[in-house]
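J.:
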Amino acid sequence: MQDKVKLVILQTGSTGLGVFTLSLIGEGDDVFVFEGDEGWVWEIEEEKLQRCLQVGIDRYIVPKPHSSGWYINHSCSPNCYVSRKNQIVAIRNIGPRDEITMDYSFNIAWEGFKMECRCKTSNCRGMIKDYFSLPENIRAARRKYTSEYLLKMS
Ligand SMILES: [Zn+2]
Numbered sequence: 010m011q012d013k014v015k016l017v018i019l020q021t022g023s024t025g026l027g028v029f030t031l032s033l034i035g036e037g038d039d040v041f042v043f044e045g046d047e048g049w050v051w052e053i054e055e056e057k058l059q060r061c062l063q064v065g066i067d068r069y070i071v072p073k074p075h076s077s078g079w080y081i082n083h084s085c086s087p088n089c090y091v092s093r094k095n096q097i098v099a100i101r102n103i104g105p106r107d108e109i110t111m112d113y114s115f116n117i118a119w120e121g122f123k124m125e126c127r128c129k130t131s132n133c134r135g136m137i138k139d140y141f142s143l144p145e146n147i148r149a150a151r152r153k154y155t156s157e158y159l160l161k162m163s
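In my numbering, the protein residues as written are 10 to 163.
1) With DSSP as the reference, label Arg-152 as helix, strand or coil.
2) Determine the DSSP secondary structure at Asn-102, reduced to helix, strand or coil.
3) Taking 8 angstroms as the limit between beta carbons, can you name the residues of its chain near Ala-150, skipping five residues before and five after?
4) Is Cys-85 near ligand 1, going by C-beta to nearest heavy atom under 7 angstroms?
5) Based on the DSSP output, what are the partners of Arg-68 in its beta bridges?
6) Among Lys-161, Glu-125, Asn-102, which one has its Cα closest to the Cα of Leu-33?
7) Give a yes or no on whether the C-beta atoms belonging to Asp-67 and Val-50 are separated by under 8 angstroms.
8) Can you give me the Cβ contacts of Arg-134 inside the same chain, cut-off strictly under 6 angstroms, excluding the 5 residues immediately before and after it?
9) Taking the alpha-carbon of Trp-119 as reference, which of Glu-157, Lys-138, Cys-128 has the nearest alpha-carbon?
10) Considering Ser-77, what are the terminal residues of the alpha helix (DSSP H) in which it resides?
11) Kindly indicate the opening and closing residues of the alpha helix (DSSP H) around Tyr-158.
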């Protein structure tokens with residue numbers, strides 16, 4: 010594992026700002042910690058909620074403004090996942106100069122969550138929804154990349 014991953018916030022093609030790596034990251038490496046205050050859903054301002062990381066039923070981490078957690082975009086073919094509650098880890102070798110992405114659906118229990126996807130990857134699902142509305146086969150295939158609290162619920 011390398012010492013420190015160097016990340017920058019840059020404009021993406023279709024999703025606004027995103028997180029990019031300047032370093033070469035190896036499969037299984039820690040990329041960054043999704044840092045912020047943890048709180049109950051009813052304590053969090055609604056406009057911030059879509060940027061939060063869900064870590065339990067009604068529990069969310071609000072990312073520090075302009076941190077990597079604030080800007081990390083979704084992809085239906087992500088190169089990272091959330092491990093150990095809020096550690097972003099590489100699924101495969103990444104970069105340098107690649108965008109860091111994660112699949113939001115594998116961290117969301119929020120029933121009825123819906124966000125249009127603009128990842129433009131070949132297996133794009135079109136709509137980002139909560140974990141429990143994903144097809145069974147997709148959930149099974151990506152079990153390893155699913156938030157721990159969701160696995161405990163299913
Ligand atoms: Zn997509």
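Just so it is clear, CB atoms sit at the ideal spot from N, CA and C, and this is done for glycine as well. Keep in mind the model is a prediction, meaning the values are calculated, not measured.
T.: This is what the structure holds:
1) By one-based count along the sequence shown, residue 152 stands at place 143. Three-state DSSP puts Arg-152 in a helix.
2) Counting from 1 along the sequence shown, the entry for residue 102 is found at position 93. Asn-102: coil per DSSP, three-state reduction.
3) Here residue 150 is taken as the residue at index 141 of the sequence shown, counted from 1. Closer than 8 angstroms at the Cβ level, and outside the excluded window around Ala-150, lies no residue.
4) Residue mapping note: residue 85 aligns to position 76 of the sequence shown, counting from 1. Yes, the beta carbon of Cys-85 sits closer than 7 angstroms to at least one heavy atom of ligand 1.
5) Position 59 of the sequence shown, counted from the start, is the residue given in the question as residue 68. The partner list for Arg-68 (beta bridge, DSSP) reads Trp-49, Gly-65.
6) Here the question's residue 33 lines up with position 24 in the sequence shown. Closest option to Leu-33, Cα to Cα, is Asn-102.
7) Taking the first residue of the sequence shown as position 1, residue 67 is located at position 58. Taking the first residue of the sequence shown as position 1, residue 50 is located at position 41. A contact, by the Cβ cut-off of 8 angstroms.
8) Sequence index remark: in the sequence shown, residue 134 carries index 125 (1-based). If we look at Arg-134 and ignore the five residues flanking it on each side, its Cβ neighbours are Cys-85.
9) On the sequence shown, residue 119 is found 110 positions in, with the first residue counted as 1. The shortest Cα separation from Trp-119 among Glu-157, Lys-138, Cys-128 belongs to Lys-138.
10) Your numbering for residue 77 matches position 68 in the sequence shown. Taken as a continuous stretch (DSSP letters only), the alpha helix (DSSP H) holding Ser-77 covers 77-80.
11) Start at 1 with the first residue of the sequence shown, and residue 158 comes out as number 149. 157-162 is the extent of the alpha helix (DSSP H) around Tyr-158.
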